[in-house]
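Asks: Numbering (this note's numbering), first residue to last: 128 to 321.
(1) Are the Cβ atoms of residue 201 and residue 256 separated by less than 7 Å?
(2) Distance check for residue 154 and residue 213, CA to CA, integer angstroms please.
(3) Could you compute how far the alpha carbon of residue 285 sits from the alpha carbon of residue 273?
(4) Of the choices 242, 170, 307 and 293, whose alpha-carbon is the least far from that of residue 266?
(5) Could you check what DSSP says for residue 199 in three-state terms: helix, strand or coil?
(6) How close, in whole Å, do the beta carbons of residue 198 and residue 128 come, if the pair is a contact with beta carbons under 8 Å?
(7) Output the distance between the C-alpha atoms of residue 157 and residue 193, rounded to the nearest integer angstrom.
(8) Should residue 152 go down as buried or exposed, given a rule of 16 or more other Cβ atoms within 10 Å for buried?
(9) What residue does the alpha helix (DSSP H) around residue 128 start on, and which one ends it?
Next up, the structure:
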C-alpha cells in the first residue's frame, strides 16, 4: 500500500509520542471493526480468500472501504469480486441460482440493512455497477419492512429510494402480469384482435 509505505517514511517521533513495544502509535480514523478485518486480511492470507469462499458481508465491506482508502489494490479487487458475484449480472442466466450463489453471509434476517450497508459502501468507493441489484434486493421486502429499519439508523435517503423503487416494482409486476395473462374468450372474439 502506498499509504502505509508513506507512514514508514515519516520522520521519527519525538520523545513525547505514545509508543507500544517501542513502535509509535498511528491513529487511524476508521471504525475499529473495519481496521481489524483489514489487518487480518493483510497479515493472515487465509482470512479473506477469493470467492466462492464463504465470508460475512461486514468483512467484505470493511475490507472494501479501507482497501480503497489505503490503496491496497489486491484486497480491493478481491472484495469487489465477492460482491460482483452476488450483485452484478449481465444476463438473466447469471441471475438464476448457481453453485457460487449464497457465499456471502448476511447479518440480518431480511437483509435490508445489509443491502443498505452495501449501497453506502459501493457508492463510497465508486462501485456503481453493484447498485441496481443492491437497491432491488433492499426494495423487495416492501414498504413496511423498509420503514422498520429507520430506528436502526439506516440512511433515510437510501430508504426513500427503496420505498419509491418498491412502488415501481409493484406497478411493473401488474403491467407484466397483465401482458402475460391470457385474455378471456368474452374479451377476445376474434383471434387477430387478441
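All C-beta atoms, glycine included, are put in the ideal place defined by N, C-alpha and C.
Keep in mind the model is a prediction, meaning the values are calculated, not measured.
Replies: Let me lay it out:
(1) no
(2) 34 Å
(3) 10 Å
(4) 293
(5) coil
(6) 5 Å
(7) 8 Å
(8) exposed
(9) Element bounds for residue 128: n/a, residue is neither H nor E.
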